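Visitor: Let me give you the structure first, and then I'll get to my questions.
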Amino acid sequence: MSGSAAARICVAPRNRADDARSVQRAGALDLDEAEESGAAAGAEGRDTRTAVRAWLRLLTCTTLIENEIRSRLREQFDFTLPRFDLLAQLDKAEDGLVLGEASKLLMVSAGNVTAVVEKLLASGYITRQPSPTDRRVQIIRLTHAGRAAFRTMAEAHHGWVEELFAGLSDEETATLTDGLARLKRSAQGRIAPREPARRRAGG
1 MSGSAAARIC
11 VAPRNRADDA
21 RSVQRAGALD
31 LDEAEESGAA
41 AGAEGRDTRT
51 AVRAWLRLLT
61 CTTLIENEIR
71 SRLREQFDFT
81 LPRFDLLAQL
91 DKAEDGLVLG
101 EASKLLMVSA
111 GNVTAVVEKL
121 LASGYITRQP
131 SPTDRRVQII
141 RLTHAGRAAF
151 RTMAEAHHGW
161 VEELFAGLSD
171 EETATLTDGL
181 ARLKRSAQGR
191 IAPREPARRR
201 AGG
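Below is the structure:
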């Protein structure tokens, strides 16, 4: 798994941990009650709590890993996850990104992207220039220093993810990956199109 690919799993709103704990506590109570009284069965005999239980496990694992990666980025590189995520997107964009494109890729508001951009500009990791075809449009690009810094952090990030997955065999990891891919397709097929919600980047 490349550093850029690994980076894509980590985008999350700042208050997600609190939300996850609240959801998990509420869900765990419901699951305990269901287990005490017998599994709740659907019309076809399927345990209707199975999906909820899987969702809570997924949410817990995601929150746990994201929080650990945030902490390690801060402790080892004095860097934030939103800045790392933006560098990851720019590392893949040879021609740079328009600010609006970055906002969509990171699923945050334009205002929050601007705050992250200002931090990276001050660090000398990116440049911001008007488009040659429309000076109202701003394009951001990685500098050599920014690319070097990202590659160093991405290598560490790759190692962290490998470490946190060390309890699973390659076969188990492949099975999990396949199952999550099918879950993604299942969810996408049942979600009505709507304007995507914006997340807070956090700088």
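Counted the way full-length UniProt numbering counts, the sequence shown spans residues 1 to 203. Think of the CB as a built atom: it goes at the ideal place given N, C-alpha and C, for glycine as much as any other residue. The model shown is predicted, which means the values in this text are computed figures rather than measured ones.
1. DSSP on aspartate 85, reduced to helix/strand/coil?
2. Between Val52, Arg53, Gln76, Thr114, which has its C-alpha nearest proline 82's C-alpha?
3. Thinking just about the alpha-carbon of each residue, which of Asp134, Phe150, Ala149, Leu121 is nearest to the one in isoleucine 140?
4. Report buried or exposed for glycine 189, applying the criterion of at least 16 other Cβ atoms within 10 angstroms of its Cβ.
5. Grouping DSSP H, G and I as helix and E and B as strand, with all else coil, what is aspartate 78?
6. Would you mind reading off the limits of the alpha helix (DSSP H) that contains residue 204?
7. Can you give me the start and stop residues for the alpha helix (DSSP H) that threonine 48 sits inside?
8. Does the separation of the CB atoms of leucine 64 and aspartate 85 fall below 8 Å?
9. Can you tell me the Cα-Cα spacing of arginine 49 and tryptophan 55, whole angstroms?
10. Who are the near neighbours of arginine 74 in its chain, counting only those whose CB is closer than 6 Å to its CB and skipping five residues on each side?
Guide: Reading from the atomic positions:
1. helix
2. Thr114
3. Leu121
4. exposed
5. coil
6. The requested residue 204 is not part of the displayed model; the chain covers only 1 to 203.
7. No alpha helix (DSSP H) contains threonine 48, which DSSP labels as neither H nor E.
8. no
9. 10 Å
10. none
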